[in-house]
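Written below as structure tokens is the structure these notes are about.
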Amino acid sequence: MTVDRRWLAFVGMWVAAIAAMVVIYVTQERAPDPRARSADAAPVHDHQARAEGAITSAPPRPAEPGPPRQFRSDRRHTARSAFAGPASAALAWEVETGGHVSAQPVVGEDGTIYVGSHDHHLYAITRDGRVRWRRDLGGPIYSTAALADGRVYVGSDADRFFAIDATSGEIVWHLDTEDDADTGVAIAPDGTLVFGAGEDVFAVDREGTVRWRFRTGLKVFATPAIDEDGTVYVGSQDDHVYAIAPDGRMRWRFQTRDDVDGSPAIGDDGTIYAGSDDHRVYALHRDGTLRWSTDVDGDVRAPLGLGEGVVYAGVFAPHPRVVALDAASGQERWSFAITAGESGGSVSSGPLVDRDGNVYFGADDDFVYSLDPGGRLRWFFRAHGNVDGEPIITPEGLLIVGADDHRVRALRAE
1 MTVDRRWLAF VGMWVAAIAA MVVIYVTQER APDPRARSAD AAPVHDHQAR
51 AEGAITSAPP RPAEPGPPRQ FRSDRRHTAR SAFAGPASAA LAWEVETGGH
101 VSAQPVVGED GTIYVGSHDH HLYAITRDGR VRWRRDLGGP IYSTAALADG
151 RVYVGSDADR FFAIDATSGE IVWHLDTEDD ADTGVAIAPD GTLVFGAGED
201 VFAVDREGTV RWRFRTGLKV FATPAIDEDG TVYVGSQDDH VYAIAPDGRM
251 RWRFQTRDDV DGSPAIGDDG TIYAGSDDHR VYALHRDGTL RWSTDVDGDV
301 RAPLGLGEGV VYAGVFAPHP RVVALDAASG QERWSFAITA GESGGSVSSG
351 PLVDRDGNVY FGADDDFVYS LDPGGRLRWF FRAHGNVDGE PIITPEGLLI
401 VGADDHRVRA LRAE
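The sequence shown: position 234 = 234 (the UniProt record's numbering), numbered continuously.
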């Protein structure tokens, strides 16, 4: 039988076109829009994941054991938890405050959770979700507190820094900072409290005496990170990352091309990682020279997280996502995109890494997410408000996180 070659060519062309459409569809497949789900939380199987180029990393080693007592789990801001987070998400409890909750909670030895709200109050919440006490600090609280010696140390936008008795909630002392004290608090190896207020970085002893004060060129939104030798690393809106010696003198500064609002993180080998509004993540040697930089196609304002050989960065619009970069080279390992919310979408909540290498973060699409070490979606949970603050994990395995709907929530496995 003779077949017209033109007919064969026509059929072949259509087959190729259909095959191309299938490839495009598979390549672009994403998890269902979580806002279309009726349930607040739902586990998602691997085939629905939105990770691209996934490479699984080894579980991280926590920099400090025990519950998180300061910003990003430890003074180096590794964001490594010593505990495993929930494998699925169900609401264990929630506490309503009178304002947005954008600060990261911290946890005391007895399980009490401390977190500030934009309603001007610092809250102490029991592990089962009851308000133990609350203290008015005179202004919105963006600052993540630090715990030491039975006290809670925290700043407020009333231009003050406070020491508060962790048991009673009574103010022990306060320091006038002359500008909003809205960064988190880091504790140096010698016990010095380090935080930002306005354009300045303060180093204060446990009784409120200023040891030194370092001025940058513009506002400091980033919480300082501190190395084991006491060197302080901090970003500023003057487009620089600073290294400050334990006596307050500048060791070096590194210039980026835009604001450095996200807090730096320090790797096990001493590498300093920082993100910038110039769309780049930087890795710096301890002497301030560039090791590598990677363009992630969006502002990096969230604090970074560190896994085992991996740097995690949250990225703002126009392409909101979490990206995993190889810590040694800066090469992208995988990326997980979120659905843009009404604000255009962003990830301003720094990624948290649990004992098993799973990643947790919030986003401005009103959801909290959990990814496996390869970047595949494990679950999501609707918070009914932007999630700008960083989550934490308690020794009991609860994920604690605040949101713009005025609530602090504890999520547990279903």
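Heads up, the beta-carbon is just placed ideally off N, CA and C, and yes, glycines get one too.
Bear in mind the structure is a predicted one, so any value in this text is a computation, not a measurement.
Residue environment, residue 351, which counts as buried when at least 16 other CB atoms sit within 10 Å: Taking the sequence shown and counting its residues from 1, one reaches residue 351 at position 351. Around the beta-carbon of residue 351, 16 or more other beta-carbon atoms lie within 10 Å, marking it buried.
Given residue 275 as reference, the closest of 140, 307, 249 and 234 once Cα atoms are compared: Residue 275 sits at position 275 when you count from the first residue of the sequence shown. Among 140, 307, 249 and 234, the Cα nearest to that of residue 275 is on 234.
Integer-rounded CB distance, given that residue 175 should sit under 8 Å from residue 160: To locate residue 160, count along the sequence shown from 1; it is residue 160. To locate residue 175, count along the sequence shown from 1; it is residue 175. About 7 Å separates the beta carbon of residue 160 from that of residue 175, a gap short enough to meet the 8 Å contact definition.
Limits of the unbroken beta strand (DSSP E) element including residue 294: As a position in the sequence shown, residue 294 is number 294, starting the count at 1. From DSSP, the beta strand (DSSP E) with residue 294 extends over 290 to 295.
Identity of the residue in 360, 375, 333 and 376 nearest residue 89 by Cα: On the sequence shown, position 89 is the one that residue 89 refers to. For residue 89, the closest alpha carbon among the candidates 360, 375, 333 and 376 is that of 360.
Cβ-based neighbour list, residue 291, same chain, cut-off 7 Å, excluding 5 preceding and 5 following: As a first step, residue 291 must be located in the sequence shown, where it is residue number 291. Around residue 291: 271, 283, 284 and 285.
CA-to-CA distance, residue 353 to residue 34, given in whole angstroms: For this step, residue 34 is matched to residue 34 along the sequence shown. For this step, residue 353 is matched to residue 353 along the sequence shown. Interpretation of residue 34 is limited by its pLDDT of 37, a score under 50 that renders its predicted location unreliable; the figure taken from the coordinates is listed afterwards. Computed Cα separation, rounded: 22 Å.
When 335, 261 and 381 are compared against residue 297, the one with the closest alpha-carbon: Position 297 of the sequence shown, counting from 1, holds the residue named residue 297. That would be 335, whose Cα lies nearest to the Cα of residue 297.
Sequence-distant residues of its chain with Cβ nearer than 6 Å to residue 251 (five each side left out): Residue numbering aside, residue 251 sits at position 251 when the sequence shown is read from its first letter. In the same chain as residue 251, and ignoring 5 residues on each side of it, the C-beta atoms closer than 6 Å to its own belong to 243 and 245, in chain order.
Closest by C-alpha distance to residue 75, when choosing among 191, 178, 165 and 117: Within the sequence shown, the letter at position 75 stands for residue 75. When 191, 178, 165 and 117 are compared, the shortest CA-CA separation from residue 75 is found for 191.
Counted within 10 angstroms of its Cβ, other Cβ atoms place residue 143 as buried (16 or more) or exposed: Position 143 of the sequence shown, counting from 1, holds the residue named residue 143. The Cβ neighbour count for residue 143, taken over all protein chains shown within 10 Å, is at least 16; the residue is labelled buried.
Residues of its chain near residue 358, where Cβ-Cβ distance is below 7 Å and the 5 sequence neighbours each way are ignored: As a first step, residue 358 must be located in the sequence shown, where it is residue number 358. Excluding the 5 residues flanking it on each side, residue 358 has same chain C-beta neighbours closer than 7 Å at 85, 370, 371, 372, 373 and 378, in chain order.
Cα-Cα separation between residue 396 and residue 126, rounded to whole angstroms: As a working mapping, residue 396 is identified with position 396 in the sequence shown. As a working mapping, residue 126 is identified with position 126 in the sequence shown. Rounded to whole angstroms, residue 396 to residue 126 spans 13 Å at the Cα level.
CB of residue 261 within 8 Å of CB of residue 277, strictly: Translated into the one-based positions of the sequence shown, residue 261 becomes position 261. Translated into the one-based positions of the sequence shown, residue 277 becomes position 277. Between residue 261 and residue 277, the gap from beta carbon to beta carbon is short of 8 Å.
Unbroken stretches of the beta strand (DSSP E), 3 residues or longer, contained in the UniProt domain "Pyrrolo-quinoline quinone repeat" (238 to 313): Counting only runs of 3 or more, we get 240 to 244, 250 to 255, 272 to 275, 280 to 284 and 290 to 295.
Nearest neighbour of residue 306, chosen from 100, 318, 327 and 317 [CA to CA]: Stepping through the sequence shown from its first residue, residue 306 is reached at position 306. With respect to the C-alpha of residue 306, the residue from 100, 318, 327 and 317 having the closest C-alpha is 327.
Beta-carbon proximity list for residue 273, same chain, < 6 Å, skipping 5 on both sides: In the sequence shown, counting from the first residue as 1, residue 273 sits at position 273. So the list reads 265, 283, 304 and 311, once near-sequence residues are dropped.
Contact under 8 Å by Cβ, residue 402 with residue 115: Looking up residue 402 in the sequence shown gives position 402. Looking up residue 115 in the sequence shown gives position 115. The Cβ-Cβ distance between residue 402 and residue 115 falls below 8 Å.
Alpha-carbon spacing of residue 212 relative to residue 331, whole angstroms: Along the sequence shown, read from residue 1 onward, the residue named residue 212 stands at position 212. Along the sequence shown, read from residue 1 onward, the residue named residue 331 stands at position 331. Rounded to the nearest angstrom, the two C-alpha atoms are 38 Å apart.
Sequence-distant residues of the same chain with beta carbon closer than 8 Å to residue 102, five excluded per side: Position 102 of the sequence shown, counting from 1, holds the residue named residue 102. Answer for residue 102: 118, 142, 388, 389, 402 and 404, listed in chain order.
When 241, 208 and 366 are compared against residue 153, the one with the closest alpha-carbon: Locating residue 153 in the sequence shown gives position 153, counting from the first residue. Of the candidates 241, 208 and 366, the one whose C-alpha sits nearest the C-alpha of residue 153 is 208.
Own chain residues within Cβ distance below 7 Å of residue 255, not counting five before or after: Translated into positions along the sequence shown, residue 255 becomes position 255. Excluding residues up to 5 positions away in sequence, 239 and 240 lie with their Cβ nearer than 7 Å to the Cβ of residue 255 in the same chain.
Beta-carbon proximity check, residue 186 vs residue 104, cutoff 8 Å: Here residue 186 refers to the residue found at position 186 when the sequence shown is read from its first residue. Here residue 104 refers to the residue found at position 104 when the sequence shown is read from its first residue. No, these two residues do not count as a Cβ contact at 8 Å.
Nearest-angstrom Cα separation, counted from residue 128 out to residue 409: Locating residue 409 in the sequence shown gives position 409, counting from the first residue. Locating residue 128 in the sequence shown gives position 128, counting from the first residue. Roughly 11 Å between the two C-alpha positions.
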